[in-house]
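The next block holds one structure in the form of structure tokens; read it before the comments.
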Amino acid sequence: MFTSFTCFWIHHEAEHLCHHRMRKSFTLCLFVFCQVFNDPIHGSIELHPLLIKIIDTPQFQRLRFIKQLGGVYFVYPGASHNRFEHSIGVGYLAGKLAEALRSRQPELNITDRDVLCVQIAGLCHDLGHGPFSHLYDGMFLPKHERGSRLMLDHLVEQNNFKPTMKKYGLKPEEDITFIKEMIAGPLQESKEQEWPYKGRPKEKSFLYEIVSNKKNGVDVDKFDYLARDSSYLGIKNNFDFRRFLQFARVCEVEDKDCKEGKRKTICTRDKEDHMYHLFYTRHRLHKRACQHRVSQIIQEMIAEAFFKADGHIQIEGSGGRMFTLSTANEDMEAYTKLTDNVFEEILKSSCSELEKAREILQNIISRKSYKFVGEIKPEDPIQDWEVSLNLTPKDFEILVIEMDYGMDDKDPIQHVHFYSKSDCCPSLQGSRIRTTCFSEQLIRVFCKEIDDESVEAAKKHFKQCVPKRGSALAQSVFSFKAVKEWNSLPTSLKLCTNFCTFTREVKKWILRNQPCQH
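Under the UniProt record's numbering, the sequence shown has 235 at position 235, and the numbering climbs by one with no breaks.
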């Protein structure tokens, strides 16, 4: 739902700060209307007219049909929100943080162009997601950020956006580069380059931390999805991003990767416990929802169905060329048409080639998901997977689950800079977090045969498959690197290497790599 206000009301609010600037802005924007969204998380949020024009394109509207949490919706009925509203929320918060820094520190020379570009980057950061969000990314895309860059280019070209950008004071060539860099990092990275970014100079390095913070993960993308996902899932969120916005400052800090030894970064007040809630809430959401064992196996079933359907789903792209599920991301016109609706398309199809994929999705709808056999933690490693069951490897699904605090096995607080009330010089504080383990891995085994006899047989023999603690194989299988190796395998290989064959794949990996030491 929208409400419109004239720009005179917007600029009148700033009259007491700079009367001349207010008159100039008013002259430029006299007939421009600013629209207000009624967002369930942030309340009434005001968006720049250029953002509204982006939202009103087919490339952005497709996000209405992509679930934010993918298959989690099949477990948590409240998880019905989509990438559309999350993206609007991130665009809004990006502007709020940029404006807060500008008003607090005028010496940073944050311009209207900077603020608008940061908002656009927040709004467009998820344009590249495919069906069921990260499910498609894990199957067919190395990273959705690359897709976001390509989709942004497609959006600008298809809607002839460059003249519109100029109308609102942007420089299209320079600012589009800046926006894409904020979404996914430098377009071309080289060790010889002192400053790899092209969109903005090094003096404004802090702007690259607002939407997607590569240094410590503290960014407005996380602020919105933690608040939004927690609300829809019914899980308590103890992190208040408004407090961060209130105390955020840009400070100069030491940086060993920088030639000059220093860089400007966004810091916060020395309230470590509050920042810890940010990372802890992320960990808890992943553990309770995203990595919920039923959510996980449903997502794997959807992935398996998509894999079987690939090649039999045809999507028309540019020039009338046809693309499949796995190749649609190579053509943005085809990709614009690819959303969660492909689930229904397969389910309702009468095509014989889609029979196997349709059967899997029908089992999901009928709540006939693969049955949980057991899970193994790194503390209880495995030695031998050979078991005497009347089941084949294809009857099992193995999921390797990772849960961390946002920085793999590292303490995220160690990478956040704090300043104190009495001293604005930032520092890295020694973490007082009691947790010493910041990553957790699980191996979960599911049985695809859901009849009671098969499931009981699998559970009965599952313990015989658990290797003994301390073995060389166990150390390699459950090392952090080994888990990463398994998760990097393409879906097609994972579908062929289930349960018993898992050991063979791990042994092959051991021959190629030295065993990891904890």
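Every residue gets a Cβ at the ideal spot worked out from N, C-alpha and C, and that includes glycine. In this text the structure is predicted, and so the values were computed from the model without any measurement.
How do the region 48-59 and the region 156-171 stand: do at least 3 beta-carbon pairs fall below 8 Å, yes or no?
yes
Determine the extent of the alpha helix (DSSP H) in which C351 is found, giving its start and end residues.
For the purposes of this step, residue 351 is identified with residue 351 of the sequence shown, where counting begins at 1. Looking at the DSSP string, C351 is not in any alpha helix (DSSP H), and its letter there is neither H nor E.
Are the beta-carbon atoms of residue 519 and N109 separated by less than 9 Å?
In the structure as shown, the chain begins at 1 and stops at 518. Residue 519 is therefore absent and cannot be evaluated.
What are the start and end residues of each continuous beta strand (DSSP E) run of 3 or more residues lying completely inside the region 255-324, in chain order?
262-269
Do you know offhand how far R64's Cα is from E174's?
Position 64 of the sequence shown holds residue 64. Position 174 of the sequence shown holds residue 174. Straight-line Cα distance between these residues: approximately 29 Å.
According to DSSP, is V253 helix, strand or coil?
Working through the sequence shown from its first residue, we reach residue 253 at position 253. Strand at V253.
Comparing C-alpha positions only, which one of N341, R358 and K337 sits nearest to L347?
Sequence index remark: in the sequence shown, residue 347 carries index 347 (1-based). Selected option, being the one with the closest Cα: R358.
Report yes if the CB atom of K171 is closer than 9 Å to the CB atom of R113, and no otherwise.
For this step, residue 171 is matched to residue 171 along the sequence shown. For this step, residue 113 is matched to residue 113 along the sequence shown. Result yes, Cβ atoms of K171 and R113 sit closer than 9 Å.
How big is the Cα-Cα spacing for residue 564 and T281?
Residue 564 falls outside the range modelled here, since the chain spans only 1 to 518, and no answer is possible.
Taking the C-alpha atoms as reference points, what is the distance between N216 and L233?
In the sequence shown, counting from the first residue as 1, residue 216 sits at position 216. In the sequence shown, counting from the first residue as 1, residue 233 sits at position 233. CA-to-CA, the gap between N216 and L233 works out to about 25 Å.
In chain order, which continuous runs of the alpha helix (DSSP H) of length 4 or greater are located wholly inside the UniProt domain "HD" (83-226)?
83-104, 112-124, 134-140, 144-158, 162-167 and 172-184
According to the neighbour-count rule (16 or more other Cβ atoms, all chains shown, within 10 Å of its Cβ), is C251 buried or exposed?
Here residue 251 refers to the residue found at position 251 when the sequence shown is read from its first residue. Under this definition C251 is a buried residue.
In whole angstroms, what separates the C-alpha of I45 from that of F323?
Indexing the sequence shown from 1 puts residue 45 at position 45. Indexing the sequence shown from 1 puts residue 323 at position 323. Inter-residue distance for I45 and F323 is about 38 Å (C-alpha atoms, whole angstroms).
Does the structure place the region 72-87 close enough to the region 290-298 that three or more beta carbon pairs sit under 8 Å?
Judged by Cβ distances under 8 Å, the region 290-298 makes contact with the region 72-87, as three or more pairs qualify.
Check each candidate in I88, G78, I66 and H81 and name the one with the smallest Cα separation from V36.
For the purposes of this step, residue 36 is taken as residue 36 along the sequence shown, with counting starting at 1. It is I88.
I'd like the span of the beta strand (DSSP E) that includes I45, first residue to last.
Taking the first residue of the sequence shown as position 1, residue 45 is located at position 45. Looking at the DSSP string, the run of the beta strand (DSSP E) that includes I45 is G43 to L47.
Does DSSP put F244 in a helix, a strand or coil?
The count along the sequence shown starts at 1 and reaches residue 244 at position 244. Correct three-state label for F244: helix.
Determine the contact status of M151 and F307, defining contact as a CB-CB distance below 9 Å.
By one-based count along the sequence shown, residue 151 stands at place 151. By one-based count along the sequence shown, residue 307 stands at place 307. In this structure, F307 does not lie closer than 9 Å to M151 by Cβ.
Taking C124 as the reference, which of E344, H144 and A289 has the closest Cα?
The residue you call residue 124 lines up with position 124 of the sequence shown. Taking only the C-alpha atoms, the option nearest C124 is H144.
So, does the CB of N160 fall closer than 9 Å to a CB anywhere in chain D?
The structure shown contains no chain D; it holds only a single protein chain.
Please check the pair G122 and V211, which I expect to be a contact at CB under 8 Å, by giving their CB distance rounded to whole angstroms.
To locate residue 122, count along the sequence shown from 1; it is residue 122. To locate residue 211, count along the sequence shown from 1; it is residue 211. Right, the Cβ-Cβ distance comes to about 5 Å (below 8 Å), so this counts as a contact.
Excluding the 5 residues flanking L97 on each side, which residues of the same chain have their C-beta closer than 7 Å to its C-beta?
Your numbering for residue 97 matches position 97 in the sequence shown. Excluding residues within five positions, the ones whose Cβ falls inside 7 Å are I210, V220, L245 and A248.
Could you say which of D229, D56, R200 and F241 lies nearest to C117 if we only look at CA atoms?
Counted from its first residue, the sequence shown places residue 117 at position 117. Ranking D229, D56, R200 and F241 by Cα distance to C117 puts R200 first.
Relative to the C-alpha of I120, which residue among C267, F206, T177 and S366 is closest?
Along the sequence shown, read from residue 1 onward, the residue named residue 120 stands at position 120. Comparing Cα-Cα distances from I120 to each of C267, F206, T177 and S366, the minimum goes to T177.
Using the rule of at least 16 other Cβ atoms within 10 Å of the residue's Cβ for burial, across every protein chain shown, is S103 buried or exposed?
Taking the first residue of the sequence shown as position 1, residue 103 is located at position 103. The residue in question, S103, is exposed, as its Cβ has fewer than 16 Cβ neighbours within 10 Å.
Output the boundary residues of the alpha helix (DSSP H) element that contains F60.
Residue 60 sits at position 60 when you count from the first residue of the sequence shown. Here the alpha helix (DSSP H) through F60 covers P58 to Q61.
Of the choices N38, G95 and Q68, whose alpha-carbon is the least far from that of T339?
Counting from one through the sequence shown, the residue named residue 339 turns up at place 339. Taking only the C-alpha atoms, the option nearest T339 is Q68.
Could you tell me the distance, in whole angstroms, from the CA atom of Y76 to the CA atom of G311?
If you number the sequence shown from 1, residue 76 lands on position 76. If you number the sequence shown from 1, residue 311 lands on position 311. Distance between the alpha carbons of Y76 and G311: 31 Å.
Please return the same chain residues whose Cβ sits closer than 8 Å to the Cβ of L285, not counting the five positions on each side in sequence.
Mapped onto the sequence shown, residue 285 falls at position 285. So the qualifying residues of the chain are L226, D229, S230, L233 and I235.
Can you check which of these residues, T111, P131, R242 and H86, is closest to A334 by C-alpha distance?
The sequence position of residue 334 within the sequence shown is 334, counting from 1. The residue among T111, P131, R242 and H86 with its C-alpha nearest the C-alpha of A334 is P131.
If we ignore side chains and look at the alpha-carbon of each, how far apart do H42 and I313 end up?
Reading the sequence shown from its first residue, position 42 is the one you call residue 42. Reading the sequence shown from its first residue, position 313 is the one you call residue 313. Each residue's Cα considered, the two are about 39 Å apart.
Report yes if the CB atom of D39 is closer than 9 Å to the CB atom of E107, and no otherwise.
Along the sequence shown, one-based indexing puts residue 39 at 39. Along the sequence shown, one-based indexing puts residue 107 at 107. Going by C-beta atoms, D39 is not nearer than 9 Å to E107.
Rounded to whole angstroms, how far is the Cβ of F206 from the Cβ of I266, which I believe are closer than 8 Å?
Counted from its first residue, the sequence shown places residue 206 at position 206. Counted from its first residue, the sequence shown places residue 266 at position 266. Indeed they touch by this definition, with Cβ atoms about 5 Å apart.
Taking the alpha helix (DSSP H) that A334 falls in, what are its first and last residues?
As a working mapping, residue 334 is identified with position 334 in the sequence shown. Here the alpha helix (DSSP H) through A334 covers M332 to T336.
For K67, list the residues DSSP reports as bridge partners.
Numbered from 1 along the sequence shown, position 67 holds the residue referred to as residue 67. DSSP, once it has assigned bridges, lists N82 as partnering K67.
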